[in-house]
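Data block below; observations after.
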Amino acid sequence: FIGDYRHSQLLSGQNFLYWTRYLNAILGSLAVIGTYLLGKKLFGKSVGLVAAFLLAVNYRHVVSSVFVLADAPASFFALLSIILSFNLIKNRSMKSYLLAGIGLGLALSVKYFVYVIPVFFLCNFLSVFGIKEIGFNKKIFLLFISKNVFFSLTIFVVLFFVINPFIILDYKNFIIEYNYDSARFGV
Numbered sequence: 072f073i074g075d076y077r078h079s080q081l082l083s084g085q086n087f088l089y090w091t092r093y094l095n096a097i098l099g100s101l102a103v104i105g106t107y108l109l110g111k112k113l114f115g116k117s118v119g120l121v122a123a124f125l126l127a128v129n130y131r132h133v134v135s136s137v138f139v140l141a142d143a144p145a146s147f148f149a150l151l152s153i154i155l156s157f158n159l160i161k162n163r164s165m166k167s168y169l170l171a172g173i174g175l176g177l178a179l180s181v182k183y184f185v186y187v188i189p190v191f192f193l194c195n196f197l198s199v200f201g202i203k204e205i206g207f208n209k210k211i212f213l214l215f216i217s218k219n220v221f222f223s224l225t226i227f228v229v230l231f232f233v234i235n236p237f238i239i240l241d242y243k244n245f246i247i248e249y250n251y252d253s254a255r256f257g258v
């Protein structure tokens, strides 16, 4: 009888902490897989395996994955954003820019990791300057005024504010909380 009661509470959503702990554990595990994929993509399979192993046994990452802390989901979404940004180097399609914009929006919505934005622009830079058929002036134009870059950044901004509407709706409290967190964590 007690087991049935506990199971019904989990399914009804009355015990929200169980579900968030499961979600954190899943996203923390996916971050390990993302670390492997990024390491493999940039440096080869052995580097990807070592990097994934080091993250999997990292005490702070394990604690963040077990408890309801923002760090495990933040690491997953930051890795996702970086992987999607690196895809721009080989594929300059609108779909790649859409996915990179979604990755940026998700990564910055979970935790304000500003380092994912320069990765996006670096990958766009490498993508544009990898095109041999066009001249330098056209490359500069594509770098900053491309419809793909504009589209990606628009998706990023819209998604960020859809996920975090109180930045606009309750701006004063957002600034107070942001300044407090920045001072507390030394950001």
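Throughout the sequence shown, residue numbering follows my numbering, covering 72 to 258 in sequence.
Backbone N, C-alpha and C fix where the C-beta goes; we use that ideal spot for every residue, glycine too.
Note that the structure is predicted; figures quoted are calculated from it, not measured.
Sub-8 Å separation of residue i and residue j beta-carbons
i    : j    : result
F147 : G119 : no
L193 : L170 : no
F245 : F237 : yes
A149 : F114 : no
Residue i, DSSP secondary structure in three states
i    : result
R163 : coil
E248 : helix
S100 : helix
L140 : coil
P236 : coil
Neighbourhood of residue i by C-beta distance below 7 Å, restricted to the same chain and skipping five residues each side
i    : result
Y76  : Interpretation of Y76 is limited by its pLDDT of 47, a score under 50 that renders its predicted location unreliable; the figure taken from the coordinates is listed afterwards. Around Y76: no qualifying Cβ.
I226 : L169, G172, I173 and G176
beta-carbon residue i near the ligand COA non-hydrogen atom, thresh 7 Å
i    : result
S223 : The model depicted lacks the ligand COA and carries no ligand whatsoever.
Neighbour-count burial assignment, residue i, 16 or more Cβ in a 10 Å radius
i    : result
N219 : buried
P189 : exposed
S117 : exposed
G201 : exposed
8 Å Cβ shell around residue i - same chain, five flanking residues per side excluded
i    : result
F124 : none
L151 : G105, G174, L177 and A178
Alpha carbon of residue i to alpha carbon of residue j, nearest angstrom
i    : j   : result
V181 : W90 : 17 Å
6 Å Cβ shell around residue i - same chain, five flanking residues per side excluded
i    : result
S136 : N95, A96, G99 and A143
V134 : none
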